[in-house]
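Novice:
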Amino acid sequence: MALHSTAGRRTDTGRHMKAYPATALAEGDEAAQAIAEVLREGGIACVPCGGTYRLVCDALDTGAVMRLMAVKRRTGHAPSLVFVADESGLEQIADEVSETLRVLVRALWPAPLTVLVKPSDLLPGKVLKQLTKANRRLGVRVPADPAMRAVMKAFGGPILASSANREKKAGASSGAVVRQSFGARIDVFVDAGELAGGEGSTIIDVDGDQTRVTRVGAVSVERIDAALTATGRSPAIVS
1241 MALHSTAGRR
1251 TDTGRHMKAY
1261 PATALAEGDE
1271 AAQAIAEVLR
1281 EGGIACVPCG
1291 GTYRLVCDAL
1301 DTGAVMRLMA
1311 VKRRTGHAPS
1321 LVFVADESGL
1331 EQIADEVSET
1341 LRVLVRALWP
1351 APLTVLVKPS
1361 DLLPGKVLKQ
1371 LTKANRRLGV
1381 RVPADPAMRA
1391 VMKAFGGPIL
1401 ASSANREKKA
1411 GASSGAVVRQ
1421 SFGARIDVFV
1431 DAGELAGGEG
1441 STIIDVDGDQ
1451 TRVTRVGAVS
1461 VERIDAALTA
1471 TGRSPAIVS
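Just add 1240 to the spot in the sequence shown (first one is 1) and you have the numbering used here.
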């Protein structure tokens, strides 16, 4: 039986976009709760995270995921990212969480560290098809950015996150560009103005006790190795 959201009711694309300043967004405040409610209804929000803007929706709502893909004009060939609030969120959407992976996420999250996992079969089939590549691996992360964490805490479930850009275009760090590109097709915009951009996340793939770094980014290999060797595990393989 698949996990389902009761959302998916926002299907029109010409609605008025609601905007909130990022400076006013704090965990548990009224703005975060309002954005979370939009996500529960199948809406799409744009939130700053990691130096760029991200389009986000309820990862368990098939209708919302399909709408976000259409808004982005994204093909099914690129991997997608799911944000979770903590380790329990990872357990909800991953088919299996090994002890080595637990060690790493407990030591390093929240951080720009993306872990590749085989998704749970409990995820809706159309969502699985959209969010995974041929190898059926899904990227999962606990973000450190305050605005995104406030929204996630208020929402309480996994969130699909995709850079606020059209397919094959650079990620948007300009609030003005986001408004121009997506303002008529999203429901909420968290405005942090011009963002500085940032280094991409480090990506790891853990198979049993073996950790492979598939992309080196903001979290150093040294930090990963320190977490592994502190518990008697072998250092990561960088590929």
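Note that CB positions come from ideal geometry on N, CA and C, so glycine has one too.
Roughly how many angstroms separate the alpha carbons of leucine 1416 and aspartate 1449, rounded to a whole number?
Specialist: The question names leucine, but residue 1416 is alanine in the sequence shown. C-alpha separation (whole angstroms): 45 Å.
Novice: Count the other CB atoms, across all protein chains shown, that sit within 10 Å of the CB of lysine 1369; report buried if there are 16 or more and exposed otherwise.
Specialist: Exposed, because fewer than 16 other Cβ atoms sit within 10 Å of the Cβ of lysine 1369.
Novice: Quick test of your reading: leucine 1300 and isoleucine 1284, contact by CB under 8 Å. State the CB separation rounded to the nearest angstrom.
Specialist: Leucine 1300 to isoleucine 1284, Cβ: 15 Å. No contact.
Novice: Unbroken alpha helix (DSSP H) runs of length 4 or more, entirely within the segment 1253-1310: which are they?
Specialist: Within the segment 1253-1310, the complete alpha helix (DSSP H) runs of at least 4 residues are 1270-1280.
Novice: Count the other CB atoms, across all protein chains shown, that sit within 10 Å of the CB of threonine 1469; report buried if there are 16 or more and exposed otherwise.
Specialist: Threonine 1469 is exposed by the Cβ-count criterion.
Novice: For the 8 Å Cβ check, are there 3 or more pairs between the segment 1347-1365 and the segment 1324-1337?
Specialist: Flag = yes, the segment 1347-1365 and the segment 1324-1337 touch.
Novice: Rounded to the nearest angstrom, what separates alanine 1276 and isoleucine 1477 at their Cα positions?
Specialist: Approximately 38 Å, taken between the alpha carbons.
Novice: If you draw a straight line from the alpha carbon of glutamate 1462 to that of tryptophan 1349, how long is it in whole angstroms?
Specialist: Approximately 15 Å, taken between the alpha carbons.
Novice: Considering only the beta carbon of each residue, do alanine 1387 and proline 1261 sit closer than 7 Å?
Specialist: The answer is no: Cβ separation not under 7 Å.
Novice: In terms of residues, what are the limits of the beta strand (DSSP E) holding aspartate 1211?
Specialist: Missing from the structure shown is residue 1211; the chain here goes from 1241 to 1479 and no further.
Novice: Taking only the alpha-carbon atoms, compute the straight-line gap between serine 1421 and glutamate 1339 and give it to the nearest angstrom.
Specialist: Cα to Cα, the separation comes out at about 42 Å.
Novice: Grab the span of the alpha helix (DSSP H) containing arginine 1452 for me, first residue to last.
Specialist: Counting along the chain, arginine 1452 falls outside any alpha helix (DSSP H), though it belongs to the beta strand (DSSP E) covering 1450-1455.
Novice: Beta carbon of glycine 1329, beta carbon of leucine 1435: below 7 Å?
Specialist: For glycine 1329 and leucine 1435, no; Cβs fall outside 7 Å.
Novice: From the beta carbon of arginine 1389, is the nearest beta carbon of chain D less than 7 Å away?
Specialist: The structure shown contains no chain D, having only a single protein chain.
Novice: Less than 7 Å between the beta carbons of alanine 1404 and valine 1418, yes or no?
Specialist: Closer than 7 Å, so yes.
Novice: Alpha carbon to alpha carbon, how far is histidine 1256 from valine 1380? Give it in angstroms, no decimals.
Specialist: Roughly 31 Å between the two C-alpha positions.
Novice: Which two residues bound the contiguous beta strand (DSSP E) that contains valine 1459?
Specialist: No beta strand (DSSP E) contains valine 1459, which DSSP labels as neither H nor E.
Novice: Please report the straight-line C-alpha distance between proline 1475 and alanine 1458, rounded to a whole angstrom.
Specialist: If I take the Cα positions, the gap works out to 18 Å.
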